[in-house]
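Here the structure is laid out as structure tokens; the discussion comes afterwards.
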Amino acid sequence: EVQLVESGGGLVQPGGSLRLSCAASGFTFSSYAMHWVRQAPGKGLEYVTVISSDGGSTYYANSVKGRFTISRDNSKNTLYLQMGSLRAEDTAVYYCARDRCSGGSCYAIGVWGQGTLVTVSS
Amino acid sequence: QSALTQPASVSGSPGQSITISCTGTSSDVGGYNYVSWYQQHPGKAPKLMIYDVSIRPSGVPDRFSGSKSGNTASLTISGLQAEDEADYYCSSYTRSSTPVFGTGTKVTVL
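One line per chain: the protein sequences are B and U, in this order.
In this text, residue positions in the first sequence follow our numbering: the first is 50, and each later residue adds one.
In this text, residue positions in the second sequence follow our numbering: the first is 55, and each later residue adds one.
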């Protein structure tokens with residue numbers, strides 16, 4: 050069974066840092082581009098970042114560029130999101146997600162995790 | 055990277071057809087055939103319903119269909135069923151190499 054399990058969410062103060070992890074199983078992790086998407090409470094989906102299957106290419110939404118870093122460890126089947134200089138508006142459920150197809154990105158998300166809540170508040 | 059524009063809500067009776075629009079620009083929806091649609095039930099993760107404008111993944115009922123004209127994409131649900139009540143989001147690849155989501159549409163089955 051294909052599965053993505055996020056961890057690392059929680060309460061953090063404004064200006065602080067947090068690292069999210071996403072453990073993947075049930076598929077060849079190293080063959081897929083991976084994404085992070087977030088959803089503020091009661092709001093819509095917002096694309097955050099994507100990393101290529103080999104980790105060589107990354108892209109970020111303007112709202113997080115320079116503050117967040119996506120990375121992956123294909124030997125551990127794990128995706129990461131390092132978040133820094135956190136703001137109240139970063140409060141959201143963060144979803145780890147797998148691209149629809151292997152190889153290059155197919156520009157659609159085929160598998161989603163259940164999400165982890167990050168709350169930025171003093 | 056402005057969000058694509060969707061109607062806030064659409065409703066219909068069981069068995070009816072409804073259409074959700076998704077309006078962007080030539081830098082996203084109009085420029086690429088990489089529009090996808092996601093269904094999200096309350097408290098759940100989104101689910102891919104349509105990709106590449108009009109292709110249904112395996113397991114998605116054929117009452118869901120997608121299309122595009124110019125800068126506007128559309129999702130049509132034919133033969134509306136109670137379980138179709140959910141939030142729906144469109145998404146498009148963009149010139150900046152990151153996708154953008156729509157504002158979301160709440161579908162209510164009357």
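Even for Gly, the Cβ is constructed at its ideal location relative to N, Cα and C.
Note that the structure is a prediction, hence the values are computed from the model and not measured.
Straight-line gap, residue i to residue j (C-alpha atoms, nearest Å)
| i | j | result |
| --- | --- | --- |
| residue 156 of chain U | residue 150 of chain B | 22 Å |
| residue 54 of chain B | residue 96 of chain U | 19 Å |
| residue 58 of chain U | residue 83 of chain U | 8 Å |
| residue 128 of chain U | residue 74 of chain B | 34 Å |
| residue 79 of chain B | residue 154 of chain B | 13 Å |
| residue 99 of chain U | residue 141 of chain U | 11 Å |
| residue 75 of chain U | residue 99 of chain B | 26 Å |
| residue 137 of chain U | residue 115 of chain U | 12 Å |
| residue 113 of chain U | residue 103 of chain U | 9 Å |
| residue 134 of chain B | residue 128 of chain B | 20 Å |
| residue 143 of chain B | residue 92 of chain U | 16 Å |
Unbroken beta strand (DSSP E) run spanning residue i, endpoints
| i | result |
| --- | --- |
| residue 103 of chain B | Where residue 103 of chain B is concerned, there is no enclosing beta strand (DSSP E), given that its DSSP letter is neither H nor E. |
| residue 118 of chain B | 117 to 122 |
| residue 65 of chain U | 63 to 66 |
| residue 230 of chain U | With chain U covering only 55 through 164, there is no way to say anything about residue 230 of chain U. |
| residue 74 of chain U | 72 to 77 |
| residue 72 of chain B | 67 to 74 |
| residue 55 of chain B | 52 to 56 |
| residue 120 of chain U | 118 to 123 |
| residue 104 of chain U | 101 to 104 |
| residue 158 of chain B | 158 to 161 |
| residue 165 of chain B | 165 to 169 |
| residue 86 of chain U | No beta strand (DSSP E) contains residue 86 of chain U, which DSSP labels as neither H nor E. |
Opposing strand residues paired with residue i [DSSP bridges]
| i | result |
| --- | --- |
| residue 84 of chain B | B:99 and B:146 |
| residue 159 of chain U | U:142 |
| residue 135 of chain U | Residue 135 of chain U is not bridged to any residue. |
| residue 128 of chain B | B:71 and B:121 |
| residue 59 of chain B | B:167 |
| residue 77 of chain B | Looking at the DSSP assignment, residue 77 of chain B forms no beta bridge with any residue, so it has no partner. |
| residue 109 of chain B | B:98 |
| residue 92 of chain U | U:102 and U:143 |
| residue 135 of chain B | Answer is none; residue 135 of chain B lacks a bridge partner. |
| residue 127 of chain U | U:76 and U:122 |
Chain-ordered neighbours of residue i on chain B, where CB pairs are closer than 7 Å
| i | result |
| --- | --- |
| residue 135 of chain U | Per Cβ cutoff of 7 Å: no residues; residue 135 of chain U is ~22 Å from chain B at best. |
7 Å Cβ cut-off: residues of chain U touching residue i
| i | result |
| --- | --- |
| residue 95 of chain B | 155 |
| residue 108 of chain B | 151 and 152 |
| residue 156 of chain B | 88, 147 and 153 |
| residue 99 of chain B | 152 |
| residue 152 of chain B | Those within 7 Å of residue 152 of chain B in chain U number zero; the least Cβ separation is about 15 Å. |
Under 9 Å from the C-beta of residue i: neighbouring residues of chain U
| i | result |
| --- | --- |
| residue 164 of chain B | 99 |
| residue 144 of chain B | 99 and 100 |
| residue 136 of chain B | Neighbours of residue 136 of chain B on chain U: none; closest Cβ ~17 Å, over 9 Å. |
Beta-carbon gap between residue i and residue j smaller than 7 Å
| i | j | result |
| --- | --- | --- |
| residue 51 of chain B | residue 160 of chain B | yes |
| residue 96 of chain B | residue 82 of chain B | no |
| residue 160 of chain U | residue 90 of chain U | no |
| residue 120 of chain U | residue 143 of chain U | no |
| residue 156 of chain B | residue 88 of chain U | yes |
Under 9 Å from the C-beta of residue i: neighbouring residues of chain B
| i | result |
| --- | --- |
| residue 55 of chain U | 96, 110, 111 and 112 |
| residue 158 of chain U | 92, 93 and 94 |
| residue 142 of chain U | The premise fails here: residue 142 of chain U is roughly 11 Å from chain B at the closest Cβ pair, so nothing lies under 9 Å. |
Closer than 8 Å at the beta carbon, the chain U residues around residue i
| i | result |
| --- | --- |
| residue 161 of chain B | 99, 100 and 101 |
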